[in-house]
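full-length UniProt numbering numbers the first residue of the sequence shown as 1 and each following residue consecutively.
Think of the CB as a built atom: it goes at the ideal place given N, C-alpha and C, for glycine as much as any other residue.
Note sheet for the following structure.
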Amino acid sequence: MAKSKTTFSCTACGSVFTKWSGKCDGCGEWNTIVEDTPISSGPSSATLGSSKGKSITLTDLRHEETPPPRTLSGVNELDRVLGGGLVPASAILVGGDPGIGKSTLLLQAAAEFARKGLKTIYVSGEEASAQVRMRAQRLQLTDAPVQLAAETNLRDILTTLDQEKPQLAIIDSIQTMWSDTVGSAPGSVSQVRAAAHELTSFAKRKNMAIVIVGHVTKEGQIAGPRVVEHMVDTVLYFEGERGHQFRVLRAVKNRFGAADEIGVFEMTGRGLSQVTNPSALFLAERGEPAPGSVVFAGIEGTRPVLVELQALVAPSPHAQPRRAVVGWDSSRLAMILAVLEARCGIPFTGLDVYLNVAGGMKISEPAADLAVAAALISAREDSAIPAKTAIFGEISLSGALRPVSQTENRLKEASKLGFTSAIAPVGGKAAKVEGMAQNQFSDLAQFVGDIFGAG
Numbered sequence: 001m002a003k004s005k006t007t008f009s010c011t012a013c014g015s016v017f018t019k020w021s022g023k024c025d026g027c028g029e030w031n032t033i034v035e036d037t038p039i040s041s042g043p044s045s046a047t048l049g050s051s052k053g054k055s056i057t058l059t060d061l062r063h064e065e066t067p068p069p070r071t072l073s074g075v076n077e078l079d080r081v082l083g084g085g086l087v088p089a090s091a092i093l094v095g096g097d098p099g100i101g102k103s104t105l106l107l108q109a110a111a112e113f114a115r116k117g118l119k120t121i122y123v124s125g126e127e128a129s130a131q132v133r134m135r136a137q138r139l140q141l142t143d144a145p146v147q148l149a150a151e152t153n154l155r156d157i158l159t160t161l162d163q164e165k166p167q168l169a170i171i172d173s174i175q176t177m178w179s180d181t182v183g184s185a186p187g188s189v190s191q192v193r194a195a196a197h198e199l200t201s202f203a204k205r206k207n208m209a210i211v212i213v214g215h216v217t218k219e220g221q222i223a224g225p226r227v228v229e230h231m232v233d234t235v236l237y238f239e240g241e242r243g244h245q246f247r248v249l250r251a252v253k254n255r256f257g258a259a260d261e262i263g264v265f266e267m268t269g270r271g272l273s274q275v276t277n278p279s280a281l282f283l284a285e286r287g288e289p290a291p292g293s294v295v296f297a298g299i300e301g302t303r304p305v306l307v308e309l310q311a312l313v314a315p316s317p318h319a320q321p322r323r324a325v326v327g328w329d330s331s332r333l334a335m336i337l338a339v340l341e342a343r344c345g346i347p348f349t350g351l352d353v354y355l356n357v358a359g360g361m362k363i364s365e366p367a368a369d370l371a372v373a374a375a376l377i378s379a380r381e382d383s384a385i386p387a388k389t390a391i392f393g394e395i396s397l398s399g400a401l402r403p404v405s406q407t408e409n410r411l412k413e414a415s416k417l418g419f420t421s422a423i424a425p426v427g428g429k430a431a432k433v434e435g436m437a438q439n440q441f442s443d444l445a446q447f448v449g450d451i452f453g454a455g
């Protein structure tokens, strides 16, 4: 093993020497030359060794910097999810199921940003330029000053971006990009990691915002190494059911805004149109009160959203009853069923249970527990909840009802849509909304007894 080279430096001027001497030849000072301590131990071939880099500039926490300027696209739902607009030098990763509308959304966004004055380049690795132009013609975006390219070679793409110097670049998609320094095929873990690193670091150096499209696995996660989501500033998921016209753009990570923020769009013949009042849209097709149907007043990011929960309970012909869930956590449903049986004496043994969130929404908020329990009991007892009643609250394993946050916002949204009563847990921040009668309960057994006359 080769012995690491010893160096000496002057503490007065920083000059570096290969051997010690009493006087510094650089500044003329005496007794200022000391032996350098290596910044890393071990062999130089595997560590940083004794070679030092340049010192970086440090600031304190009181350092005042102006916040980065944001560019609004004019599409309020998109700007909301981005945290108030597009930030320069930001890296955004967008994932979603095949055919859900990712390319349509980004082409519309590119056109809007270009019309606002941003120099925009759209690079497609999955479609030919003619296909993208056909989509732009269908969406009536041909007048937008967006520059288009169809390429998968990462070196050529970065060279073009360096020459053109755009303010926004869209890469569709990261799984089709390949770097000539990596030997594996496009879409492999090493290629995706290398391409994501090169694109994000290039965007930071050139003060260019970049949007990267990512494929998803059958579990709904973005395909490739998890480190890609750590590299970027914002991670967005484009969700929706193929049978519904609604699409939800959800932020799961955002360094420049609120996480879990959502934007709601409707898929039409001319592309995606924003939905300014998603609660009214999700409840538009709700008819007369029916057993198993309840309205949940939820919070998605910073906005209140009312959605319909539908439950069906039927005798099971199988030895092991089915538990099917769409739009909610299946393990959470199992917990609610266990609490209803253990704390309220309402068994679901021998019964198939189906739960659905209408409109293609996906709910992860624990505040939906009470609404789910109400839907299950309503379906089991064949007793409908009043039509103008909104329900929310978290259920603990003891059967107690726990208060949730932003009660006032939930009640205001329900009142705005014509709801006259709400069922919620006792406690939490007191909120009174004109025209809303509140029925508050401390535990699940009390709720079941008062509303359904059982328990």
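Cβ pair residue i, residue j closer than 7 angstroms
i: Pro304; j: Glu413; result: yes
i: Ile212; j: Leu93; result: yes
i: Ala311; j: Ala203; result: no
i: Arg286; j: Glu308; result: yes
i: Leu249; j: Phe238; result: yes
i: Thr217; j: Ala209; result: no
i: Ala390; j: Val295; result: yes
i: Lys119; j: Gln191; result: no
i: Val275; j: Leu283; result: no
i: Leu411; j: Ala422; result: yes
i: Gln163; j: Ile299; result: no
i: Leu351; j: Pro321; result: yes
i: Thr104; j: Leu272; result: yes
i: Ala431; j: Gly393; result: no
i: Pro225; j: Val189; result: yes
i: Ile100; j: Gly301; result: no
Environment of residue i [buried if 16+ CB atoms lie within 10 Å]
i: Lys23; result: exposed
i: Met361; result: buried
i: Lys102; result: buried
i: Ser73; result: buried
i: Thr11; result: exposed
i: Arg205; result: exposed
i: Glu112; result: buried
i: Ile56; result: exposed
i: Ala375; result: buried
i: Leu48; result: exposed
i: Asn254; result: buried
i: Gly28; result: exposed
i: Ala358; result: buried
i: Asp143; result: exposed
i: Gly327; result: buried
i: Thr181; result: exposed
i: His318; result: exposed
i: Ser184; result: exposed
Residue(s) in a DSSP beta bridge with residue i
i: Val325; result: Leu355
i: Leu267; result: In the sequence under discussion, the amino acid at residue 267 is Met, which differs from the Leu named in the question. The partner list for Met267 (beta bridge, DSSP) reads Leu272.
i: Ala214; result: The sequence shown places Gly at residue 214, not Ala. The partner list for Gly214 (beta bridge, DSSP) reads Gly95.
i: Cys10; result: Ile33
i: Asp443; result: Ala400
i: Gly298; result: Val305
i: Lys23; result: Trp30
i: Arg247; result: Phe265
i: Phe238; result: Gly96 and Leu249
i: Val146; result: Thr120
Residues near residue i in its chain [Cβ-Cβ closer than 6 angstroms; skip 5 each side]
i: Val426; result: Gln440 and Ser442
i: Gly455; result: A caution first: Gly455 carries a pLDDT of 48, below 50, which makes its placement in the model too unreliable to give a value.
i: Val228; result: Ala196
i: Phe17; result: Phe8
i: Val433; result: Leu411, Lys412 and Ser415
Proximal residues to residue i (C-beta, below 8 angstroms), its chain only, five neighbours per side dropped
i: Ala149; result: Ile121, Tyr122, Val123, Ser124, Ser129, Ile157 and Thr160
i: Thr152; result: Gly125, Thr176, Met177, Trp178 and Pro186
i: Lys52; result: Asp36 and Ile39
i: Gly418; result: Lys388
i: Phe452; result: Ile377, Ser378, Glu381 and Ser383
Minimum Cβ-Cβ distance from residue i to chain B less than 7 angstroms
i: Gly187; result: The question asks about chain B, but that chain is absent: this structure has only one protein chain.
Spatial neighbours of residue i in its chain, beta-carbon cut-off 7 angstroms, leaving aside the 5 residues before and after
i: Gly26; result: Cys10, Cys13 and Ser15
i: Leu154; result: Met177, Trp178, Ser179, Ala195 and Glu198
i: Thr6; result: Glu35
i: Ser21; result: Ile33
The ligand MG heavy atom lying under 6 angstroms from the CB of residue i
i: Ala431; result: Ligands in the displayed structure: none, and consequently the ligand MG is not present.
Touch test, the stretch 115-126 against the stretch 168-176, Cβ-Cβ under 8 angstroms, three pairs minimum
Enough Cβ pairs lie closer than 8 angstroms, so yes.
Report yes or no: do three or more beta-carbon pairs, one from the stretch 287-294 and one from the stretch 146-161, lie closer than 8 angstroms?
no
With contact counted as at least three CB pairs below 8 angstroms, one residue from each stretch, are the stretch 367-381 and the stretch 257-276 in contact?
no
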